[in-house]
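S.K.: Here our numbering is used: position 290 in the sequence shown is 944, and no number is missing along the way.
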Amino acid sequence: MSTPEAVSGTNPRPVGAVLRPGARWSIALVMGSTLMYLLLGLISLAVLVRSGGRGMPPAALVGYQIGGVFQFGLFIAGGIVFLVWLFRANRRLRAIGREGMQYTPGWAVGWFFIPLANFVVPTAVVQELWRASSPEPSPTGWKSSPQSGLVNAWWSLFIIGNLISRIGATVAIFGEDTGAFVGDALSSVLLVGAATCLVILIRRIESRVTALEASVSAEGTTVYPQLATQPGLLHAIPGTAVGMVVGAGWMTLFYQLLVFVGVGGGAQIPVKLFTALILGALVGYWTLLA
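1) Based on Cα-Cα distance, which residue from Val825, Gly822, Thr794, Leu852 lies nearest to Leu811?
2) Using beta-carbon positions only, say whether Trp808 and Leu855 come within less than 9 angstroms of one another.
3) Of the residues Gly815, Leu692, Val763, Trp739, which one's Cα is nearest the Cα of Arg678?
4) With distance defined between alpha-carbon atoms, name the residue in Ser802, Asn806, Ala839, Gly803 nearest to Arg820.
5) Out of Ala848, Val870, Ala868, Glu867, state which residue places its alpha-carbon closest to the alpha-carbon of Ile681.
6) From Asn806, Ile697, Met755, pick the residue whose C-alpha is nearest to that of Trp796; which is it?
7) Less than 8 angstroms between C-beta atoms, sequence neighbours within five positions excluded: which residues of the same chain meet that for Leu692?
8) Tell me, to the nearest whole angstrom, how far the beta carbon of Leu728 is from that of Ser687; I am working on the premise that it is less than 8 angstroms.
9) What do you get for Thr864, buried or exposed, if any count of 16 or more other CB atoms within 10 angstroms of its CB means buried?
10) Who are the near neighbours of Ile768 in its chain, counting only those whose CB is closer than 8 angstroms to its CB and skipping five residues on each side?
11) With burial defined as no fewer than 16 other Cβ atoms inside 10 Å of the residue's Cβ, what is the status of Ala700: buried or exposed?
12) Please report how far the alpha carbon of Ile720 lies from the alpha carbon of Gly695, in whole angstroms.
13) Over the uninterrupted alpha helix (DSSP H) stretch that includes Pro776, give me the two end residues.
See the structure below:
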């Protein structure tokens, strides 16, 4: 009988060591958005310290706004890819015989868009995914598996971080710049923590699901092609493009941050942009291929 390694083709790697493209894209986009959040928070903190929250110079404000556009685009793209991954992970668990799962693949995604319920139910959705991916071989044995504290930490940090960000945006409307900058800085820290938890969760759940698929395939129940196939160049090319976008956004924000704190200058913007694109491309290539 064919082993998972034989089924997967050449260059097999340990089960769970290679992430599927959906998981890789989710992680890459979450990481990209997180980097932008971090730098936006640093700019808010610099404004707070340097000017006492009295305002941001026009030059720094332009860079901040451009960075915000980059960050928002990455956040939306990352959210879409994450929900697609969530849908597929749920469906994969059902396909290997997990029984008694409360949330269907469609509703696992749908609950994220229902007002009020989306403050609570997404945690239960991901907790179920975590528990159902436990190594327990019995179709219903996963129900006795413990929940993950990492899921609670991720969602709590995400909700609190967004609430603080909205509060900061609201007080800014009334001219309370100090409160707005404090809110931006604090929410950035919380959202970076949430993103870190999410990246770890995606990697762990993906590895657990892949290991379960391998065990089922080894028993001859189902065969999953490309079970542990190492990603090729076609996976890394899009990652390179995303890395370049993130690099350009980082360069814009970082340059404006240096100008604002009074240590800007040095190389011209085209040189800095080219360097940022190259470094971003290398990071993106490694993220999607490694």
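Where a beta carbon is used, it is the ideal one built from N, C-alpha and C, also for glycine. Computed from a prediction, not measured in an experiment: that's the story for all the values here.
M.R.: Reading off the structure:
1) Taking the sequence shown and counting its residues from 1, the one referred to as residue 811 is at position 157. Nearest Cα to Leu811 within the set Val825, Gly822, Thr794, Leu852: Leu852.
2) Along the sequence shown, one-based indexing puts residue 808 at 154. Along the sequence shown, one-based indexing puts residue 855 at 201. Judged by beta-carbon spacing, Leu855 lies within the 9 angstroms limit of Trp808, meaning their Cβ atoms are closer than that value.
3) Taking the first residue of the sequence shown as 1, we reach residue 678 at position 24. Nearest C-alpha to Arg678: Trp739.
4) Numbered from its first residue, the sequence shown carries residue 820 at position 166. That would be Ala839, whose Cα lies nearest to the Cα of Arg820.
5) Numbered from its first residue, the sequence shown carries residue 681 at position 27. Ranking Ala848, Val870, Ala868, Glu867 by Cα distance to Ile681 puts Ala848 first.
6) What you label residue 796 is simply residue 142 of the sequence shown in a count that begins at 1. Proximity to Trp796 across Asn806, Ile697, Met755 peaks at Met755, based on C-alpha coordinates.
7) Position 38 of the sequence shown, counted from the first residue, corresponds to residue 692. Once the five neighbours on either side are set aside, the close Cβ partners of Leu692 are Ser842, Val846.
8) As a working note, residue 728 is residue 74 in the sequence shown. As a working note, residue 687 is residue 33 in the sequence shown. The beta-carbon separation of Leu728 and Ser687, rounded to 4 angstroms, stays under the 8 angstroms limit for a contact.
9) Sequence index remark: in the sequence shown, residue 864 carries index 210 (1-based). Buried, by the Cβ-count rule.
10) Taking the first residue of the sequence shown as 1, we reach residue 768 at position 114. Here the set comprises Val775.
11) As a first step, residue 700 must be located in the sequence shown, where it is residue number 46. Classification for Ala700: buried.
12) For the purposes of this step, residue 720 is taken as the residue at position 66 of the sequence shown. For the purposes of this step, residue 695 is taken as the residue at position 41 of the sequence shown. The alpha-carbon atoms of Ile720 and Gly695 are separated by roughly 14 angstroms.
13) Position 122 of the sequence shown holds residue 776. According to the DSSP assignment, Pro776 belongs to the alpha helix (DSSP H) that extends over 775-786.
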